[in-house]
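K.L.:
Residue numbers (the numbering used here): 116 to 891.
Dumping the structure here so I can ask a few things about it.
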Amino acid sequence: MGKIAEARRYCSSSGPEVNIEQIPHLQRAAVVWIFPVGSHQEPKEWPGLAHLTEHMVFSGGEQFVEQQRLMPWVQQQGGRLNATTQQNYTAYYFEVDPADLRQGLLRLKDMLTAPRFAAADLLRETAVIDEEFRLYSRSPHALASAALHSQVEHPSAFAEFHIGNAKAFGNDMTALGAALEHFYTQGYALERSQVWIASPLSCQQQYDEVADCFALPDTPSAIDSQPVSRVVESAAIGWQNWQGEIRLAKQAGLGVTQVIEMSRLSDWPILVELMTDTAPGSLCQVISRKLGHHLSVRVERHYHDNQQIFFTLWFEGADFSEEDAQRSLALWQQWRIAASQLSTPQFAHYRQLAQTEARRLPAMEFLREHALGFIFATSTENELIPTPLQQALSSINCFALLRSRQESAIQAVECQGLTCQFQASPLVIRDMTNDHDTFIFYPQPRVTSKDVLPITASVCHDGYEPKGGVSMLLRPAAGAAISDEVRAILTQSLSPVFSLVRHAAGKVIWQQVNGNDLLFIRFEQFANLQECVANMIEYWPSELPASSIDGYGSSSLRELLQNMPSLLAEKLDRWMVHFSGLTQLDAEILHGMLSNLPLSWQRFQVDKLPLQQNRVYQAPGSDSATIVAFIPYPLTSYQSLLVYQQLAAYYESAFYHQLREVEAVGYAVACRQRVYRDRWGLQIILQSSHLSTQQLYERVGEFFQRLTLPEKGLTVQTDVAGESSGDEELDRYLRAHLPLETGKQNGNEQDFTLARGHTALIERVKDKQGGWIFIE
Numbered sequence: 116m117g118k119i120a121e122a123r124r125y126c127s128s129s130g131p132e133v134n135i136e137q138i139p140h141l142q143r144a145a146v147v148w149i150f151p152v153g154s155h156q157e158p159k160e161w162p163g164l165a166h167l168t169e170h171m172v173f174s175g176g177e178q179f180v181e182q183q184r185l186m187p188w189v190q191q192q193g194g195r196l197n198a199t200t201q202q203n204y205t206a207y208y209f210e211v212d213p214a215d216l217r218q219g220l221l222r223l224k225d226m227l228t229a230p231r232f233a234a235a236d237l238l239r240e241t242a243v244i245d246e247e248f249r250l251y252s253r254s255p256h257a258l259a260s261a262a263l264h265s266q267v268e269h270p271s272a273f274a275e276f277h278i279g280n281a282k283a284f285g286n287d288m289t290a291l292g293a294a295l296e297h298f299y300t301q302g303y304a305l306e307r308s309q310v311w312i313a314s315p316l317s318c319q320q321q322y323d324e325v326a327d328c329f330a331l332p333d334t335p336s337a338i339d340s341q342p343v344s345r346v347v348e349s350a351a352i353g354w355q356n357w358q359g360e361i362r363l364a365k366q367a368g369l370g371v372t373q374v375i376e377m378s379r380l381s382d383w384p385i386l387v388e389l390m391t392d393t394a395p396g397s398l399c400q401v402i403s404r405k406l407g408h409h410l411s412v413r414v415e416r417h418y419h420d421n422q423q424i425f426f427t428l429w430f431e432g433a434d435f436s437e438e439d440a441q442r443s444l445a446l447w448q449q450w451r452i453a454a455s456q457l458s459t460p461q462f463a464h465y466r467q468l469a470q471t472e473a474r475r476l477p478a479m480e481f482l483r484e485h486a487l488g489f490i491f492a493t494s495t496e497n498e499l500i501p502t503p504l505q506q507a508l509s510s511i512n513c514f515a516l517l518r519s520r521q522e523s524a525i526q527a528v529e530c531q532g533l534t535c536q537f538q539a540s541p542l543v544i545r546d547m548t549n550d551h552d553t554f555i556f557y558p559q560p561r562v563t564s565k566d567v568l569p570i571t572a573s574v575c576h577d578g579y580e581p582k583g584g585v586s587m588l589l590r591p592a593a594g595a596a597i598s599d600e601v602r603a604i605l606t607q608s609l610s611p612v613f614s615l616v617r618h619a620a621g622k623v624i625w626q627q628v629n630g631n632d633l634l635f636i637r638f639e640q641f642a643n644l645q646e647c648v649a650n651m652i653e654y655w656p657s658e659l660p661a662s663s664i665d666g667y668g669s670s671s672l673r674e675l676l677q678n679m680p681s682l683l684a685e686k687l688d689r690w691m692v693h694f695s696g697l698t699q700l701d702a703e704i705l706h707g708m709l710s711n712l713p714l715s716w717q718r719f720q721v722d723k724l725p726l727q728q729n730r731v732y733q734a735p736g737s738d739s740a741t742i743v744a745f746i747p748y749p750l751t752s753y754q755s756l757l758v759y760q761q762l763a764a765y766y767e768s769a770f771y772h773q774l775r776e777v778e779a780v781g782y783a784v785a786c787r788q789r790v791y792r793d794r795w796g797l798q799i800i801l802q803s804s805h806l807s808t809q810q811l812y813e814r815v816g817e818f819f820q821r822l823t824l825p826e827k828g829l830t831v832q833t834d835v836a837g838e839s840s841g842d843e844e845l846d847r848y849l850r851a852h853l854p855l856e857t858g859k860q861n862g863n864e865q866d867f868t869l870a871r872g873h874t875a876l877i878e879r880v881k882d883k884q885g886g887w888i889f890i891e
């Protein structure tokens, strides 16, 4: 899952264990620092204290303060960072250019080893977490998770409230500060922590950069095997009502919750590949066919330590009756037995698919999963046999069923600080002897399912081939978009096609890149691409609802951002297609086939239509106001784009500091460079529970008006950093076939200054140019 070229481990008696690895496929350097303390270790009288500690640490340390702290510094370098508080560990991680590794690590070490827990910061972060809790408490997934955890009998900490809010923290900041200091001192012990460092550079190069950060010895410790991640282990998880049922209100779907014992955590991604496969003969497709609905499937990992994983396998997209739930449960039990008999070639195939998915993760997410034990980037003969995974599947003896119905539940229950509507009851398992079905595990010589045309199976390659092959790119037309509803229907309907492409050594990517929905399919041979198009025609819905931008006032912030392109679009439901590597005759054949799809087609071109959308929505029952804006740059040349990119990096940290930390407008605060509908620009996000949208807009205007550019200038950019799809081949394809407007020239190109660009953006904010969405 991304090969390790070299690995070194350094241990000391008073510092953390430091692991340095060279992973060639990474584009950036990444650091993950893990402390084996989480929400289950916090005192019961202070729920949310572990989460609060994570927030407070980012306030800075002794050496790096204000804009030199890790968060603003990483933003200024164009990197990424994050942190997570789990039940049994807390992790901090970032990624930057390899040349910036040392400076980033110094800042991370400073804030983690010498945090400044100032009273003003404490007051601000408790308010921020309260805002976060408000968003969290409205999430259907969060409510389902809380209902599930309320049924865990032991350890009892699973059912307790951990995210924190204003009520839990109280008004006595002195007492809260003392509890925070004590929790940090007890839990953040350096000698029990682990630091993981990885980049494409050699271990020696990385060691030379970071050795003095930890006073590392000259000689690394011997590495006989991969180290076990130092997360706190729990006793075996006990369920109050194993083989019981939780009926959730107004959330259509079915979840099978289980605890699996895994002696080899690196088998987890392979199990996820097996469970979430949607090819013909997979668990999801067999259940979909039995129920007569297109279902989507996902896995939600609730907890793990070094011996067990607590998770839910979700089937969504339909309202499950009691009979549907019984039939699905019987099929899952039959599938689990079949999967526990996986052959070595099939195990290797799904392992290769998991490796390919892991390689697409951003550097810091890849390293975090590797540090936790889920991605072992080295391979041994023992890892290539399916026996441990087979044993793990056989270890599942108990499970619970989460059945959702579009109807009100009987009771409202307070758990984890949330009010959930659900009912728990014993699950009576009926014998479904007539439901035995044949499951298909790949590779198969030919797919024999009557529901799909076969694609010839072939060897699955790790990575991508840089030359040759044939590709197809399908996307909404210039100035057009599709809604989230249409996207969800297509994703579910075409999922068997997408999975077949992956199984047959092709490549399929269906995601938003540069603000556009892109379906990219690539094969080595034209015949396979032709069969894939035939499958698309077979599985494409005969009728799709018309995309609409109505009703977004009640959407969550995540859904709103996902649908930003459709909210900015002039037209909806218009499509275009582009081929690469085909002969003219082959292209005409595919054009003729695609004409059978019920789509409105338009000539392939880059989106150059004007963008000017201001929309106001009312969200009934909402207790927060939201602004989402996209402000395109008024580009005049390539030089002007470089200038705007420098400004965007500066805005990102300054905007967060001023509006999130100084003015405390709310939890969701961001200003960063994005590309929407083939345009470069700024995306602004603000959400607040105590300010109106007009007040939020005024704060944005005041920020830009009052901002002073540094006298010494900003970091000089020499190249445009575009948005990545996460796949190198697709990114190259897009640069070649969908060039953004970056080559404009005029006589004053070199005279375009930071001040000039800043003034132009101030005017655009003042006039509400671009796309502005206001939700009250």
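A virtual CB, placed ideally from N, CA and C, is assigned to each residue, including glycine.
As the structure is a computational prediction, the values presented were derived from the model and not from experiment.
Which word fits Q178, buried or exposed, when buried means at least 16 other C-beta atoms lie within 10 angstroms of its C-beta?
P.N.:
Classification for Q178: exposed.
K.L.:
Does the distance from the C-beta atom of L167 to that of I244 stay below 8 Å?
P.N.:
Closer than 8 Å, so yes.
K.L.:
Where in the stretch 728-764 do unbroken runs of the beta strand (DSSP E), each at least 3 residues long, occur, reported from the N-terminal end onward?
P.N.:
Complete beta strand (DSSP E) runs here, min 3: 728-732, 740-747.
K.L.:
Taking the beta carbon of L700 as the centre, do at least 16 other beta carbons fall within 10 Å, making it buried, or is it exposed?
P.N.:
Its Cβ having fewer than 16 others within 10 Å, L700 is exposed.
K.L.:
Secondary structure at V346, three-state DSSP: helix, strand or coil?
P.N.:
V346: coil per DSSP, three-state reduction.
K.L.:
Could you name the residues that DSSP lists as bridge partners for G93?
P.N.:
Nothing can be reported for residue 93: it is not among the residues displayed for the chain, which extend from 116 to 891.
K.L.:
Please give the ranges of any beta strand (DSSP E) in the stretch 438-513, keeping only runs that are unbroken, at least 3 residues long and fully inside the region.
P.N.:
Taking only runs of at least 3 residues, no beta strand (DSSP E) segment lies wholly in the stretch 438-513.
K.L.:
Going by DSSP, what residue range makes up the alpha helix (DSSP H) through D225?
P.N.:
Taken as a continuous stretch (DSSP letters only), the alpha helix (DSSP H) holding D225 covers 216-228.
K.L.:
Taking only three categories from DSSP, how would you classify I636?
P.N.:
Three-state DSSP puts I636 in a strand.
K.L.:
Ends of the alpha helix (DSSP H) at C126?
P.N.:
That residue, C126, is in no alpha helix (DSSP H); it is neither H nor E in DSSP.
K.L.:
Between the stretch 419-429 and the stretch 625-644, do three or more beta carbon pairs fall short of 8 Å?
P.N.:
Result no; under three Cβ-Cβ pairs closer than 8 Å.
K.L.:
Looking at the unbroken alpha helix (DSSP H) that takes in Y791, where does it start and where does it end?
P.N.:
No alpha helix (DSSP H) contains Y791, which is instead part of the beta strand (DSSP E) from 784-791.
K.L.:
Using a 10 Å radius around the Cβ and a threshold of 16 neighbouring Cβ atoms, would you call V147 buried or exposed?
P.N.:
V147 should be labelled buried.
K.L.:
Would you kindly work out how many angstroms separate the C-alpha atoms of A661 and L676, rounded to a whole number?
P.N.:
Approximately 20 Å between the Cα atoms of the pair.
K.L.:
Mapping the DSSP letters down to three states, classify T393 as helix, strand or coil.
P.N.:
Residue state, collapsed to three classes: coil.
K.L.:
Can you determine whether any heavy atom of the ligand GDP sits closer than 7 Å to the C-beta of A603, and answer yes or no?
P.N.:
For the ligand GDP, the structure offers nothing, since it holds no ligand at all.
K.L.:
At what residues does the alpha helix (DSSP H) containing M186 begin and finish?
P.N.:
185-191 is the span of the alpha helix (DSSP H), which, as asked, contains M186.
K.L.:
I'd like the list of long-range same chain contacts for V574, defined as Cβ closer than 8 Å, with 5 residues on each side in sequence excluded.
P.N.:
Only weak support is given to the placement of V574: the predicted model assigns it a pLDDT of 38, under 50, and the question is left unresolved by the model.
K.L.:
If we count the other Cβ atoms within 10 Å of its Cβ and call it buried at 16 or more, is N512 buried or exposed?
P.N.:
Flag for N512 reads exposed.
K.L.:
With C-beta atoms as the reference, is Q788 less than 8 Å away from A763?
P.N.:
Taking 8 Å as the Cβ cut-off, Q788 and A763 qualify as a contacting pair.
K.L.:
Which residues in the same chain as A261 place their Cβ atom closer than 7 Å to its Cβ, once the five residues preceding and following it in sequence are excluded?
P.N.:
Cβ within range, chain order: C530, Q531, L533, C535.
K.L.:
What does a CB cutoff of less than 8 Å around R239 pick up in its chain, not counting 5 residues either side in sequence?
P.N.:
Counting only Cβ-Cβ distances below 8 Å, and skipping sequence neighbours, we find E776, A779.
K.L.:
Quick test of your reading: H873 and S695, contact by CB under 8 Å. State the CB separation rounded to the nearest angstrom.
P.N.:
About 40 Å separates the two Cβ atoms, so there is no contact after all.
K.L.:
Quick one: what's got a C-beta closer than 8 Å to L305's C-beta in the same chain, skipping five residues either side?
P.N.:
S129, G130, P131, T228, listed in sequence order.
K.L.:
Name the two residues that bound the continuous beta strand (DSSP E) containing H277.
P.N.:
Taken as a continuous stretch (DSSP letters only), H277 belongs to no beta strand (DSSP E), as it is neither H nor E.
K.L.:
Between F745 and Y791, which are expected to be in contact by the criterion C-beta below 8 Å, what is the C-beta distance as a whole number of angstroms?
P.N.:
Confirmed, about 5 Å.
K.L.:
Report yes or no: do three or more beta-carbon pairs, one from the stretch 437-451 and one from the stretch 467-486, lie closer than 8 Å?
P.N.:
Taking 8 Å as the limit for Cβ pairs, the verdict is that the stretch 467-486 does not touch the stretch 437-451.
K.L.:
In terms of alpha-carbon separation, which member of Q607, M186, R545, M288 lies closest to D236?
P.N.:
If we check each option's Cα against that of D236, M288 comes out closest.
K.L.:
Can you check whether the CB of Q733 is closer than 8 Å to the CB of E891?
P.N.:
Yes.
K.L.:
Give me, in chain order, the residues of the same chain whose beta-carbon lies closer than 8 Å to that of K159; leave out the 5 immediate sequence neighbours on both sides.
P.N.:
Once the five neighbours on either side are set aside, the close Cβ partners of K159 are E275.
K.L.:
Give the range of the alpha helix (DSSP H) segment to which F694 is assigned.
P.N.:
No alpha helix (DSSP H) contains F694, which is instead part of the beta strand (DSSP E) from 689-695.
K.L.:
Check whether the stretch 284-299 touches the stretch 314-322, taking contact to mean three or more Cβ pairs, one atom from each stretch, closer than 8 Å.
P.N.:
The stretch 284-299 is not in contact with the stretch 314-322.
K.L.:
Apart from the five residues just before and just after H408, which ones in its own chain have a Cβ nearer than 8 Å to its Cβ?
P.N.:
For H408, where only same-chain residues beyond five positions count, the Cβ hits under 8 Å are G432, A433.
K.L.:
Counting C-beta neighbours from all protein chains within 10 Å, is the total for L499 16 or more, i.e. buried, or is it exposed?
P.N.:
It is exposed - the Cβ of L499 has fewer than 16 other Cβ atoms within 10 Å.
K.L.:
Measuring alpha carbon to alpha carbon, tell me which residue in Q373, R466, W450, R345 is nearest D382.
P.N.:
Checking every option, the nearest Cα to that of D382 belongs to R466.
K.L.:
Which of helix, strand or coil does DSSP assign to N197?
P.N.:
Note: N197 maps to strand in three-state DSSP.
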